[in-house]
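These notes are about the structure you will find just below.
This is the structure:
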């Protein structure tokens, strides 16, 4: 067994090298060294050796060989143990498996005895050698038997030759030693200077790092240790910039480590946020052209960052990270809400692009853009824009939409906080799961409210303008749009356990929104009953849920004349076209009733001034019934007895051509221009709100007097 094959503390003695020939050349050399060489090898001796091998009583001898020794050396054969290593290993395995346990135990004990004996002999030899120079120390380890047998100091050792040392050589060695010493001192000094420079740089870098961290801390941000994880990437300080009431997936991303750069400048690791600052951009388009755009100023500059995210102010980058996670959460909530707003033409146009069609020509585009590529994306989306889009006409509208979306998400966070901190009854579960926040629906409702108010105002204005062109100068209307402010809710918020004025204002934004049109269709008359006074209020109310739509109601006091003319539908009108039809009917009936009353009053006054004969004829007419009466629909004035006399028909209707044109342009056709037509069987007069040459030059009163004379 080789020296390194056994265990480190093996008690087995070192094996004796195998003396068998290692190669064929070695074997031939040994045979030649024997007396007689190969000449003494005979057939009889070989047979005897083979028989002895079979019986196991003799050792291996030389076998027959032919050829010269040089040829044998050329064709050398490896006869060592390495040539048969596999066979030896197999034999060792078989011997180990077949070895008796008692035999193995005895072998171990024998090896221990051999090792102990070898150690004792070595110790005695060294102790006897040292006893000549240091007998006291050597006697402690020298065995008593050897001491009595040979004594102390009987064995010694000495150098055969003294060292060849001269004074010059000694001085050279001293000079070399001094040189090495100086070199090591110089090297140590350089290492100390390098270490001092490194420590100085590290101190300066650490100072810059902690200065940035303390600046973030003093600015009000929460600085803490980065929790969890293992390795260098998870150690160090971090800053919390997220929102505690955000969605769970965004709560986990609200903590970012503050890394230290090579120069000590701290930088924010935004790996969880995608590594790129993002902002929500709102674009307002009309007719395929961008007329308004709301984007943060951070989208137009680089915020002091380089390509690696370092540089700039750390506080600004923390604020940018807060804005990024807020924009990402807002985009996430908008995409969730958009799935339920397909009926309002809200659909995703791209992975990070949401389109909301306000009407046929106007739409709102909400995008989540990275700060670094916003300018290029805007130029690619709208190449006809100039480099600076700060002077677009609808920038205020786009900014209002963007602010409303941000405020509504903040209000949703506030509602989540109130739900978490306020006590609830035991039977009400506190965990209600994730629900879709109402963010885009109020914006849609606000645009619908503005469009409905504009269309209703245009409708009533056309009606009033038409009546004024017809000579009814007393016709008028007033628009009322209540706009609450924070100051209106400040007094209510002063009490205990009351929401703030800002929260109350946002809650009011989520309630149905009203507008009112106070319409005075006809002025009041001089008679006591006031039958000519036709006035009412058109109220429009825009609902958010369950359906975002505007309903119109016509309101009037209980004793108003409009109830006798044409009572309004109590449940309201679902669209502007239905309201327009009702107003046309009311206007026609009110005009017919008004001029019929004026005609009767004029006839009565003329009869009183004419004298007895006329008064007698008028009394006969009264006994037989009124001379002029209303038709079955209430829009026609006709003679009660003489059917051959001309009849006067009042018609208020929408301009069909203008309504069709407005519907093609995406506008509400109910707000089209109105026209008043007064006709007989032979002639007609038309007045319209538009300044056209087709309008009649005479007033309505003159036409009525001329026809009903």
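In the UniProt record's numbering, the protein residues as written are 1 to 709.
We treat Cβ as the ideally placed atom computed from N, Cα and C, and that holds for glycine.
* **Minimum C-alpha distance to residue 280 - residue among 323, 585, 258, 466** => 323
* How about residue 294 and residue 401: do their beta carbons lie closer than 8 Å? -> yes
* Do you know whose CA, among 154, 103, 106, 101, lies nearest residue 127's CA? -> It is 154 whose Cα lies nearest to the Cα of residue 127.
* C-beta atoms of residue 688 and residue 466 nearer than 8 Å -> yes
* To do: Could you tell me the distance, in whole angstroms, from the CA atom of residue 541 to the CA atom of residue 628?
  => 41 Å
* Asked: Using 8 Å as the limit for Cβ to Cβ distance, is residue 565 near chain D?
  -> Absence of chain D from the displayed structure is noted, only one protein chain being present.
* **Nonlocal neighbours in the same chain, by C-beta distance under 6 Å from residue 515, ignoring five residues either side** => 453, 481, 540
* Would you call residue 474 buried or exposed, if buried means 16 or more other Cβ atoms sit within 10 Å of its Cβ? -> exposed
* **beta strand (DSSP E) runs contained entirely in the stretch 468-534, provided each spans 3 or more residues** => 476-480, 513-522
* How about residue 333 and residue 403: are their beta carbons less than 8 Å apart? -> no
* To do: Answer with buried or exposed for residue 45, where buried requires no fewer than 16 other C-beta atoms within 10 angstroms of its C-beta.
  => A residue is called buried when at least 16 other Cβ atoms come within 10 angstroms of its Cβ; residue 45 does not meet this threshold and is exposed.
* **Distance, residue 439 Cα to residue 344 Cα** => 14 Å
* Asked: Which of the three DSSP states, helix, strand or coil, is assigned to residue 676?
  -> strand
* Using the rule of at least 16 other Cβ atoms within 10 Å of the residue's Cβ for burial, across every protein chain shown, is residue 437 buried or exposed? -> buried
* Taking just the CA atoms, how far does residue 554 sit from residue 347? -> 35 Å
* Asked: In the structure shown, what three-state DSSP assignment does residue 643 receive?
  -> Here residue 643 sits in coil by DSSP.
* Answer yes or no: do residue 321 and residue 368 have a C-beta to C-beta separation smaller than 8 Å? => no
* Determine which residues share a DSSP beta bridge with residue 554 and list them. => DSSP, once it has assigned bridges, lists 538 as partnering residue 554.
* Spatial distance of residue 712 from residue 198 (CA atoms) -> Nothing in the structure corresponds to residue 712, since the chain is present only between 1 and 709.
* Asked: For residue 246, which residues of its own chain have a beta-carbon under 6 Å away from its beta-carbon, when the five flanking residues on both sides are left out?
  -> 329
* Can residue 534 and residue 552 be called in contact, C-beta distance under 8 Å? -> no
* Thinking C-beta only, is residue 654 closer than 8 Å to residue 676? -> no
* So, is residue 441 buried or exposed, given that buried needs 16 or more other C-beta atoms within 10 angstroms? -> When all chains shown are included, residue 441 counts as buried.
* Asked: In whole angstroms, what separates the C-alpha of residue 700 from that of residue 575?
  -> 30 Å
* Taking only the alpha-carbon atoms, compute the straight-line gap between residue 434 and residue 421 and give it to the nearest angstrom. => Distance from the CA of residue 434 to the CA of residue 421, rounded to the nearest whole angstrom, comes to 17 Å.
* Work out the CA separation of residue 461 and residue 274 for me, nearest whole Å. => 54 Å
* Other residues of its chain near residue 569: CB distance less than 6 Å, five sequence neighbours each side excluded -> none
* Just how far apart, CA to CA, sit residue 53 and residue 47? -> 10 Å
* CA nearest to the CA of residue 267, picked from 249, 210, 252, 285 -> 210
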